[in-house]
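Taken in sequence, the protein lines are chains A and B.
Per this note's numbering, the first sequence starts with residue 664, numbered consecutively.
Per this note's numbering, the second sequence starts with residue 664, numbered consecutively.
Glycine included, every Cβ here is placed at the ideal spot set by N, Cα and C.
Keep in mind it's a predicted model, so treat the numbers as computed, not measured.
To start, the structure itself, in structure tokens.
There are 2 protein chains.
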Amino acid sequence: MIYSNSLIYIEIHESEIPWLKVFTQAPRKEFSQCSRDEKENIWEALDIIEKAMINYFIPTKVNIASFGNMLPQVHWHIMARFEGDSYFPEPMWGVKQRIGDVKIAPMEPFIEDLKAILASRLTAS
Amino acid sequence: MIYSNSLIYIEIHESEIPWLKVFTQAPRKEFSQCSRDEKENIWEALDIIEKAMINYFIPTKVNIASFGNMLPQVHWHIMARFEGDSYFPEPMWGVKQRIGDVKIAPMEPFIEDLKAILASRLTAS
């Protein structure tokens, strides 16, 4: 867990690429069933994370997705993708294309800075 | 094309399941690079489409995703998923699970109603 407020929390998903997940605290099956505040907190979190990923990792593309078919609890995936990662240009749920071989900057400084940005920019009632 | 304003347009993606795509009119690579108005129009469109899909198709789950790895132009996928569709519970980009066999309500009345809702609810400068 790298961030939590009364509405959402954010976790790291272990992967060869930088990959975070944003959850609602309350049980919500579909995103449209979230409150206005929950939706806005999630969009703001995804916006902050995407910009931070672009600045720090310089990825080929950022991917965002919300499925919840196995776990029907609203959660969003946000991933920094690179041309040489194992699945590019497929989604991370697609057919493996190769053995990933990408030099990616270390996660720890990114997470430390991101925690500070989230704490200062995200507000929840 | 089922909807268009100055900021976004919406298309049907041909599939065994109800699947729409929301694009920005302007060339934007990443979602965080969109203007505030573009972001809000897209979130509002996804919210309207998701609620309409839930009401009309009664899907097992709605899935939403934005990749753009092959086409780096902001576009969002929104899909009504069903337990018996060809990929469930995998994302539509995952490993095929079966030959899909789901009775899904016809698209035409859904699209006609959705056009009216989008036209009345979405506003663009």
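If you run the structure through DSSP and keep just helix, strand and coil, what is Glu701 of chain A? Numbered from 1 along the first sequence, position 38 holds the residue referred to as residue 701 of chain A. If DSSP states are grouped into helix, strand and coil, Glu701 of chain A belongs with the helices.
Assuming Phe686 of chain B is part of the beta strand (DSSP E), what are its boundary residues? Looking up residue 686 of chain B in the second sequence gives position 23. 682-687 is the span of the beta strand (DSSP E), which, as asked, contains Phe686 of chain B.
Using a beta-carbon distance below 8 Å, is Ala708 of chain A in contact with chain B? As a position in the first sequence, residue 708 of chain A is number 45, starting the count at 1. Chain B, which has no Cβ nearer than 8 Å to the Cβ of Ala708 of chain A, makes this no.
Among the residues of its own chain, which have a CB less than 8 Å from the CB of Met664 of chain B, if the five just before and after it don't count? Mapped onto the second sequence, residue 664 of chain B falls at position 1. So the qualifying residues of the chain are Tyr672, Ile673, Glu674.
Among B:Ala715, B:Asn718, B:Asp710, B:Pro735, which has the Cα closest to the Cα of Glu753 of chain A? On the first sequence, residue 753 of chain A is found 90 positions in, with the first residue counted as 1. Among B:Ala715, B:Asn718, B:Asp710, B:Pro735, the Cα nearest to that of Glu753 of chain A belongs to B:Pro735.
Against Val737 of chain B, what residues of chain A qualify as contacts under a CB-to-CB distance less than 7 Å, listed in chain order? Working through the second sequence from its first residue, we reach residue 737 of chain B at position 74. Going along chain A, no residue has its Cβ under 7 Å from Val737 of chain B, so there is no contact; the nearest lies around 10 Å.
Which class does Lys778 of chain B belong to by DSSP, given the choice of helix, strand or coil? The count along the second sequence starts at 1 and reaches residue 778 of chain B at position 115. Helix at Lys778 of chain B.
Taking the alpha carbon of Asp748 of chain B as the reference point, which residue from A:Asn732, A:Gly763, A:Glu746 has its own alpha carbon closest? Numbered from 1 along the second sequence, position 85 holds the residue referred to as residue 748 of chain B. Looking at the Cα atoms, A:Asn732 is the closest of the given residues.
Interface flag, Pro769 of chain A vs chain B, CB-CB below 8 Å: Reading the first sequence from its first residue, position 106 is the one you call residue 769 of chain A. Taking Cβ atoms only, chain B never reaches closer than 8 Å to Pro769 of chain A, which makes this a no.
Own chain, CB closer than 7 Å to Lys759 of chain B, minus 5 neighbours either side, in chain order: By one-based count along the second sequence, residue 759 of chain B stands at place 96. The answer, listed in chain order, is Ser749, Tyr750.
Taking the C-alpha atoms as reference points, what is the distance between Ser783 of chain B and Ser669 of chain A? Residue 783 of chain B sits at position 120 when you count from the first residue of the second sequence. Residue 669 of chain A sits at position 6 when you count from the first residue of the first sequence. Distance between the alpha carbons of Ser783 of chain B and Ser669 of chain A is about 34 Å.
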